[in-house]
Amino acid sequence: MAPNTVVNVQVLSPPPTNVVLGKRGRDDSTDYSQPIPYPYTKEVVEAMRLRILQLENELRAVKKQKTSAAATPKTAANAVAGPATTAAPAQDAKADAKTVKTRTKSLFDQIKKAAKGEKYQNTVRTVKIEEHFTQPDFELVFGNSGTLIQPTPTNKPTSSVWIRRYTNETDLRALFGDSYKRDQLKGHQWTVGGIHQGKSQKLPNAVQLEIHSVEVQWSKNQSKATLKVEISEEDMDKTCLGRRGGMWVFGGF
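Anchor point for the sequence shown: position 2 equals 23 in the working numbering, and the numbering is continuous, going up by one each time.
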């Protein structure tokens with residue numbers, strides 16, 4: 022090759038494994054399908070350098086694309102964002118449904134356990150549970166039910182703490198789905214202690230409980246959700262006040 026020859030090196034994508042590129046597949050005189058003789062020419066070194074740069078750029082582009090896809094929240098709003106949005110594969114929808122079922126069952130089981138340990142004396146009790154949620158999982162579980170309190174256009178629109186409230190049976194069923202089994206909410210009434218009634222005592226028979234409301238606060242900074250659940254006896258008028266004359270005395274009679 023003449024010293025002043027200008028070699029036009031064309032950087033190509035990797036060839037298919039079943040195709041062998043010889044001299045005619047490139048614009049220089051080197052046959053890249055065979056071992057390159059040593060010492061390497063400047064043209065060969067430059068071609069390899071450019072190819073390495075191209076591969077590094079392609080790798081960065083693929084990583085960026087995967088990161089962007091993973092950071093996109095899976096919400097109902099995304100599903101109807103526009104004609105460019107494609108429907109999620111059936112396996113993704115199945116995985117989302119499993120996540121919702123698993124997380125809501127865990128939440129309801131924790132509520133049952135916390136509620137069972139309270140003293141019920143004709144007063145609404147508040148039980149609190151905490152659980153970590155990523156933003157996509159939080160929106161998946163809570164985003165389509167209840168009432169959004171914050172952030173809204175009129176209430177702390179830039180807040181990093183999201184608040185939703187559930188105040189009726191319809192809300193609770195929308196949140197917990199098949200995991201909402203109110204007949205499993207049981208607790209014990211306690212007598213009201215005092216000078217005449219004596220020390221407060223736990224009554225032996227469990228009573229049915231009911232949830233009045235659920236407020237969930239999710240911190241974007243901590244990725245943690247706190248549920249405050251207001252709960253009481255289903256029929257608070259029948260709360261036991263204590264023993265008088267060897268007999269249990271109930272309120273509301």
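Ideal placement from N, C-alpha and C gives every residue a C-beta, glycine not left out.
Residue i and residue j closer than 7 angstroms at C-beta
i    : j    : result
E251 : S234 : yes
T168 : R194 : no
V65  : I57  : yes
S221 : V145 : no
S181 : Q171 : no
Cα-Cα separation between residue i and residue j, rounded to whole angstroms
i    : j    : result
S240 : R203 : 28 angstroms
A227 : F129 : 19 angstroms
Y59  : L76  : 24 angstroms
L224 : T212 : 7 angstroms
A118 : L196 : 13 angstroms
M257 : Q156 : 38 angstroms
A82  : A136 : 51 angstroms
N78  : R70  : 13 angstroms
K177 : N242 : 16 angstroms
T163 : S200 : Checking the sequence shown, residue 163 turns out to be Phe, not Thr. Distance between the alpha carbons of F163 and S200: 14 angstroms.
L230 : G215 : 25 angstroms
D13  : T175 : Residue 13 lies beyond the residue range present for the chain, which begins at 22 and ends at 274; the question has no answer from this structure.
Presumed contact (8 angstroms Cβ cut-off) between residue i and residue j, rounded CB distance
i    : j    : result
G198 : T123 : At roughly 11 angstroms, the Cβ-Cβ gap does not stay under 8 angstroms, so G198 and T123 are not in contact.
Q161 : T120 : Residue identity check: residue 161 is Leu in the sequence provided, not Gln. Right, the Cβ-Cβ distance comes to about 6 angstroms (below 8 angstroms), so this counts as a contact.
I184 : Q238 : 5 angstroms
Minimum Cβ-Cβ distance from residue i to chain C less than 7 angstroms
i   : result
L74 : Protein chains in the displayed structure number just one, and chain C is not present.
Query raised in the report: Between the stretch 202-220 and the stretch 131-140, do at least 3 Cβ pairs fall closer than 8 angstroms?
Result: Yes, the stretch 202-220 touches the stretch 131-140.
Query raised in the report: Between the stretch 148-168 and the stretch 242-251, do three or more beta carbon pairs fall short of 8 angstroms?
Result: yes
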